[in-house]
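In the working numbering, the protein residues as written are 1 to 72.
Virtual Cβ for every residue (Gly too), placed ideally from N, Cα, C.
Remember, it's a predicted structure, so these values are computed and weren't measured experimentally.
Below is one structure; the comments refer to it alone.
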Amino acid sequence: AETQAGLGIIPASSVGPIRAAARSGRVDPVALAHGSRRAANPVVGLVGALTGAVAELSPEAAEHVHHGCTSQ
């Protein structure tokens, strides 16, 4: 998010909430492990969980989690 904001891809105002949510411990590792098994890709569950955590802080910033990235 920091790099994308620095390049003008996402608003700089999204960085703080994304950073705070990522550092908050709100992503449940057990739920993430179960989700990773279902999706066969750990990123899918992580992005969903992080987006939810960011949305609690800033719905606007949640729109920029994993912005323009792929998870293959």
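By DSSP, does residue 1 sit in helix, in strand, or in coil? Residue state, collapsed to three classes: coil.
Where the alpha helix (DSSP H) containing residue 23 begins and where it ends: Per DSSP, the unbroken alpha helix (DSSP H) holding residue 23 starts and ends at 15 to 23.
Would you report the Cα separation of residue 2 and residue 13, rounded to the nearest angstrom? Taking the straight line from one Cα to the other gives about 10 Å.
Across the stretch 52 to 64 and the stretch 37 to 44, are there enough close Cβ pairs to call them in contact, namely three or more that are closer than 8 Å? With the cut-off at 8 Å, the stretch 52 to 64 and the stretch 37 to 44 do not touch.
Could you give the distance in angstroms between the alpha-carbon of residue 6 and the alpha-carbon of residue 66? Pairing residue 6 with residue 66, the inter-Cα distance amounts to about 15 Å.
Delimiting residues of the alpha helix (DSSP H) encompassing residue 58: Note, residue 58: premise wrong, no alpha helix (DSSP H); not H, not E.
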